[in-house]
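For what it's worth, my numbering labels the leading residue of the sequence shown as 2, then goes sequentially. Virtual Cβ for every residue (Gly too), placed ideally from N, Cα, C. These notes concern the structure reproduced below.
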Amino acid sequence: MKNLDKYVSDSYKLSLDECFGYWIHNGVWYSDEDLTFDEAKEVFFLTLKKLLDDNKVVLFAPYSMFNENTSQWDKTITIRKYGDTVWGLPSKEIIQYMRDVFPKDIEKENDGKLIDFWFSEECPQIGWVDQKQEKSLFHNNPALKQQSLALFSILQWKKWDAILLS
(Lines of atoms letter the chains of each structure in order from A and count residues from 1; the text may use other names and numbers.)
(Lines give C-alpha, C1' and ligand atoms only; values in the text may rest on other atoms or scores of the structure.)
Protein backbone atom coordinates (compact mmCIF):
# COMPACT_ATOMS: atom_id res chain seq x y z
CA MET A 1 0.00 0.00 0.00
CA LYS A 2 1.33 3.40 -0.90
CA ASN A 3 1.70 5.98 1.86
CA LEU A 4 1.12 3.51 4.72
CA ASP A 5 3.31 5.50 7.12
CA LYS A 6 1.46 8.70 6.23
CA TYR A 7 -1.94 7.09 6.83
CA VAL A 8 -0.84 5.72 10.20
CA SER A 9 0.65 9.10 11.15
CA ASP A 10 -2.52 10.95 10.10
CA SER A 11 -4.74 8.44 11.89
CA TYR A 12 -2.60 8.70 15.04
CA LYS A 13 -2.66 12.51 15.02
CA LEU A 14 -6.41 12.71 14.40
CA SER A 15 -7.06 10.13 17.13
CA LEU A 16 -5.20 12.27 19.66
CA ASP A 17 -6.19 15.75 18.46
CA GLU A 18 -9.84 15.29 17.51
CA CYS A 19 -11.06 11.96 18.86
CA PHE A 20 -9.14 11.47 22.13
CA GLY A 21 -11.17 9.31 24.46
CA TYR A 22 -13.72 8.35 21.83
CA TRP A 23 -12.26 6.31 18.97
CA ILE A 24 -9.22 5.64 16.85
CA HIS A 25 -9.60 7.82 13.81
CA ASN A 26 -8.98 6.44 10.36
CA GLY A 27 -7.28 9.42 8.67
CA VAL A 28 -7.50 7.61 5.35
CA TRP A 29 -10.98 9.05 4.84
CA TYR A 30 -9.55 12.50 4.34
CA SER A 31 -7.26 11.37 1.54
CA ASP A 32 -7.87 11.15 -2.18
CA GLU A 33 -7.10 7.44 -2.20
CA ASP A 34 -9.69 4.74 -1.62
CA LEU A 35 -8.33 1.87 0.42
CA THR A 36 -9.64 -1.64 0.51
CA PHE A 37 -11.12 -2.89 3.75
CA ASP A 38 -7.94 -4.93 4.38
CA GLU A 39 -5.77 -1.84 3.87
CA ALA A 40 -7.91 0.25 6.22
CA LYS A 41 -7.76 -2.59 8.77
CA GLU A 42 -3.95 -2.56 8.54
CA VAL A 43 -3.90 1.20 9.18
CA PHE A 44 -6.11 0.59 12.24
CA PHE A 45 -3.83 -2.14 13.65
CA LEU A 46 -0.67 -0.08 13.12
CA THR A 47 -2.28 3.02 14.62
CA LEU A 48 -3.42 1.02 17.66
CA LYS A 49 0.10 -0.37 18.07
CA LYS A 50 1.60 3.13 17.96
CA LEU A 51 -0.93 4.40 20.50
CA LEU A 52 -0.03 1.47 22.79
CA ASP A 53 3.73 1.96 22.29
CA ASP A 54 3.46 5.67 23.06
CA ASN A 55 1.34 5.02 26.19
CA LYS A 56 -1.62 6.98 24.85
CA VAL A 57 -3.98 4.03 25.33
CA VAL A 58 -4.10 0.80 27.31
CA LEU A 59 -6.15 -2.27 26.56
CA PHE A 60 -8.04 -4.33 29.08
CA ALA A 61 -7.65 -8.06 28.54
CA PRO A 62 -10.56 -9.63 26.66
CA TYR A 63 -13.20 -10.94 29.00
CA SER A 64 -12.92 -14.36 27.33
CA MET A 65 -9.59 -14.71 29.16
CA PHE A 66 -11.18 -14.27 32.60
CA ASN A 67 -11.92 -17.40 34.61
CA GLU A 68 -15.19 -16.80 36.43
CA ASN A 69 -14.65 -19.84 38.66
CA THR A 70 -11.48 -18.40 40.19
CA SER A 71 -12.16 -14.70 39.51
CA GLN A 72 -8.67 -14.52 37.99
CA TRP A 73 -7.15 -13.66 34.64
CA ASP A 74 -5.58 -17.07 34.10
CA LYS A 75 -5.22 -17.10 30.31
CA THR A 76 -3.06 -13.98 29.97
CA ILE A 77 -0.94 -11.46 31.83
CA THR A 78 -2.39 -8.40 33.53
CA ILE A 79 -0.55 -5.59 35.29
CA ARG A 80 -1.43 -2.55 37.37
CA LYS A 81 -0.85 0.58 35.33
CA TYR A 82 -2.42 4.04 35.39
CA GLY A 83 -4.60 3.03 38.33
CA ASP A 84 -6.21 0.07 36.57
CA THR A 85 -5.61 -3.60 35.87
CA VAL A 86 -4.67 -3.64 32.18
CA TRP A 87 -3.46 -6.18 29.67
CA GLY A 88 0.23 -6.75 30.37
CA LEU A 89 1.41 -8.21 27.08
CA PRO A 90 3.80 -6.33 24.76
CA SER A 91 2.01 -4.38 22.02
CA LYS A 92 3.33 -6.71 19.32
CA GLU A 93 1.61 -9.68 21.00
CA ILE A 94 -1.60 -7.73 21.57
CA ILE A 95 -1.79 -6.73 17.91
CA GLN A 96 -1.08 -10.31 16.86
CA TYR A 97 -3.94 -11.46 19.10
CA MET A 98 -6.19 -8.86 17.45
CA ARG A 99 -5.20 -10.08 14.00
CA ASP A 100 -5.82 -13.70 15.04
CA VAL A 101 -9.32 -13.14 16.45
CA PHE A 102 -10.45 -10.52 13.93
CA PRO A 103 -13.23 -12.02 11.77
CA LYS A 104 -11.62 -13.53 8.68
CA ASP A 105 -14.45 -13.49 6.17
CA ILE A 106 -15.24 -9.78 6.40
CA GLU A 107 -14.97 -7.66 3.27
CA LYS A 108 -16.92 -4.54 4.26
CA GLU A 109 -16.82 -2.33 7.32
CA ASN A 110 -20.57 -2.58 7.91
CA ASP A 111 -20.68 -6.39 8.02
CA GLY A 112 -22.75 -7.58 10.99
CA LYS A 113 -20.04 -10.08 12.00
CA LEU A 114 -17.57 -7.23 12.43
CA ILE A 115 -19.98 -5.17 14.48
CA ASP A 116 -20.67 -8.20 16.68
CA PHE A 117 -16.91 -8.73 17.12
CA TRP A 118 -16.35 -5.24 18.56
CA PHE A 119 -18.76 -6.04 21.39
CA SER A 120 -17.74 -9.66 21.89
CA GLU A 121 -15.83 -11.19 24.80
CA GLU A 122 -12.83 -11.74 22.48
CA CYS A 123 -12.36 -8.03 21.80
CA PRO A 124 -10.32 -6.07 24.37
CA GLN A 125 -11.63 -2.83 25.83
CA ILE A 126 -9.66 0.36 25.38
CA GLY A 127 -8.64 2.93 27.97
CA TRP A 128 -7.29 6.33 26.93
CA VAL A 129 -4.49 7.55 29.18
CA ASP A 130 -4.86 10.96 30.82
CA GLN A 131 -1.32 12.23 30.29
CA LYS A 132 -1.59 14.90 33.00
CA GLN A 133 -2.76 12.60 35.78
CA GLU A 134 -1.09 9.46 34.41
CA LYS A 135 -4.14 7.28 34.82
CA SER A 136 -6.62 5.58 32.56
CA LEU A 137 -9.69 7.67 31.81
CA PHE A 138 -11.66 4.60 32.90
CA HIS A 139 -10.09 4.53 36.38
CA ASN A 140 -12.89 4.07 38.93
CA ASN A 141 -15.55 4.60 36.26
CA PRO A 142 -17.26 1.27 35.50
CA ALA A 143 -19.70 2.86 33.05
CA LEU A 144 -16.87 4.01 30.80
CA LYS A 145 -15.21 0.61 31.01
CA GLN A 146 -18.09 -0.81 29.02
CA GLN A 147 -16.77 0.94 25.91
CA SER A 148 -15.05 -1.54 23.65
CA LEU A 149 -12.72 -1.34 20.72
CA ALA A 150 -15.72 -0.71 18.52
CA LEU A 151 -13.88 2.45 17.55
CA PHE A 152 -13.02 1.31 14.07
CA SER A 153 -16.58 0.20 13.44
CA ILE A 154 -18.11 3.37 14.88
CA LEU A 155 -16.02 5.51 12.60
CA GLN A 156 -16.93 3.36 9.62
CA TRP A 157 -20.61 3.93 10.45
CA LYS A 158 -20.02 7.68 10.70
CA LYS A 159 -18.58 7.56 7.19
CA TRP A 160 -21.64 5.60 6.01
CA ASP A 161 -24.00 8.12 7.65
CA ALA A 162 -22.16 11.00 5.98
CA ILE A 163 -22.61 9.34 2.60
CA LEU A 164 -26.32 8.77 3.23
CA LEU A 165 -26.86 12.36 4.41
CA SER A 166 -25.05 13.99 1.51
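Cut-off 8 Å between Cβ atoms - residues of its own chain near residue i, not counting five sequence neighbours on either side
| i | result |
| --- | --- |
| Lys114 | Pro104, Asp106 and Ile107 |
| Asn142 | Confidence at Asn142 is low in this model, with a pLDDT of 44, below 50, so its placement is unreliable and the value that follows should be read with caution. Closer than 8 Å at the Cβ level, and outside the excluded window around Asn142, lies no residue. |
| Asp112 | Pro104 |
Continuous alpha helix (DSSP H) stretch holding residue i: start and end
| i | result |
| --- | --- |
| Gly128 | It is not in any alpha helix (DSSP H) - Gly128 instead sits in the beta strand (DSSP E) that spans Gln126 to Asp131. |
| Thr86 | Unbroken run through Thr86 is the beta strand (DSSP E), Asp85 to Trp88; no alpha helix (DSSP H). |
| Ile116 | Gly113 to Trp119 |
| Met99 | Ser92 to Val102 |
| Tyr13 | Leu5 to Asp18 |
| Asp39 | Phe38 to Asp54 |
Cα-Cα separation, residue i to residue j
| i | j | result |
| --- | --- | --- |
| Gln97 | Leu90 | 11 Å |
| Ser10 | Ser92 | 17 Å |
| Val44 | Arg81 | 29 Å |
| Ser48 | Phe118 | In the sequence as displayed, the identity of residue 48 is Thr instead of Ser. If you take the alpha carbons of Thr48 and Phe118, they lie about 19 Å apart. |
| Ile99 | Gly128 | Reading the sequence as shown, one finds Met at residue 99 and not Ile. One C-alpha to the other measures close to 16 Å. |
| Leu36 | Lys3 | 10 Å |
| Ala144 | Lys42 | Summary for Ala144: the model assigns pLDDT 42, below 50, so the residue's position carries little reliability, and this model does not support an answer. |
| Lys50 | Tyr13 | 10 Å |
Same chain, Cβ closer than 7 Å to residue i, five either side skipped, listed in chain order
| i | result |
| --- | --- |
| Ile95 | Leu53, Leu60 and Trp88 |
| Pro63 | Glu122, Glu123, Cys124 and Pro125 |
| Lys109 | Phe38 |
| Glu69 | none |
Endpoints, beta strand (DSSP E) assigned at residue i
| i | result |
| --- | --- |
| Ile80 | Thr79 to Lys82 |
| Leu60 | Val58 to Phe61 |
Top-ranked residue by Cα proximity to residue i, from the options
| i | options | result |
| --- | --- | --- |
| Asp131 | Ile116, Lys57 and Asp11 | Lys57 |
| Val102 | Ser65, Asn70, Ile78 and Glu69 | Ser65 |
| Tyr8 | Leu17, Glu19 and Glu40 | Glu40 |
| Leu5 | Asp18, Leu17, Ser16 and Phe46 | Phe46 |
Cβ pair residue i, residue j closer than 8 Å
| i | j | result |
| --- | --- | --- |
| Thr77 | Thr86 | no |
Own chain, CB closer than 6 Å to residue i, minus 5 neighbours either side, in chain order
| i | result |
| --- | --- |
| Asp55 | none |
heavy atom of the ligand FMN below 7 Å from residue i C-beta
| i | result |
| --- | --- |
| Gly89 | Within the structure as shown, the ligand FMN is missing, as the structure has no ligands at all. |
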